[in-house]
Amino acid sequence: MPNASRYLEPGYTYHLTHRCHDRRFLLKFARDRDLYRRWLREGARRYHVPVYNYCITSNHVHVIAHANEAGAVASMMQLAAATLAGHWNRRKQHEGSVWEHPYRCTR
Numbered sequence: 006m007p008n009a010s011r012y013l014e015p016g017y018t019y020h021l022t023h024r025c026h027d028r029r030f031l032l033k034f035a036r037d038r039d040l041y042r043r044w045l046r047e048g049a050r051r052y053h054v055p056v057y058n059y060c061i062t063s064n065h066v067h068v069i070a071h072a073n074e075a076g077a078v079a080s081m082m083q084l085a086a087a088t089l090a091g092h093w094n095r096r097k098q099h100e101g102s103v104w105e106h107p108y109r110c111t112r
């Protein structure tokens, strides 16, 4: 699957979805959802991405965000996903993917 960030154009609002690997329930605990939420907020602040809404379920995430500049949304999603994956893998002593694909986006 091609990288979703290639299709993000500045000036548009996007629905982003990010699913856990093998559709497993890797976000079932509040501490994992809170960590993702914290780093999503940090990414939005750091990269100046307006996030209008988000929903974190047990096995995937939805984010509604506006792309003001090219690459900012991708950087925000990378920060949240990579930070959560690192913490989750260390805590569970797991190696491998936490996320199924980079993320999907629709305008």
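Quick note on our numbering: the sequence shown kicks off at 6 and runs consecutively.
Don't be surprised by glycine CBs; every beta carbon is placed ideally from N, CA and C.
All of these numbers come straight from a predicted model, not from anything done at the bench.
Identified DSSP bridge partners for His71 | Here residue 71 is taken as the residue at index 66 of the sequence shown, counted from 1. His71 is bridged to Thr18.
Note the first and the last residue of the continuous beta strand (DSSP E) segment covering Arg109.
-> The count along the sequence shown starts at 1 and reaches residue 109 at position 104. 109 to 111 is the span of the beta strand (DSSP E), which, as asked, contains Arg109.
Within 10 angstroms of its Cβ, does Cys110 collect 16 or more other Cβ (buried), or is it exposed?
-> Along the sequence shown, one-based indexing puts residue 110 at 105. That one is buried.
Inter-residue CB distance, Asn64 and Leu40 (contact presumed, cutoff 8 Å) = As a working mapping, residue 64 is identified with position 59 in the sequence shown. As a working mapping, residue 40 is identified with position 35 in the sequence shown. That pair is no contact at about 16 Å.
Go to Tyr41, then tell me how far its alpha helix (DSSP H) extends in each direction, as first and last residue.
-> Walking along the sequence shown from the start, residue 41 turns up at place 36. Per DSSP, Tyr41 belongs to the alpha helix (DSSP H) from 35 to 52.
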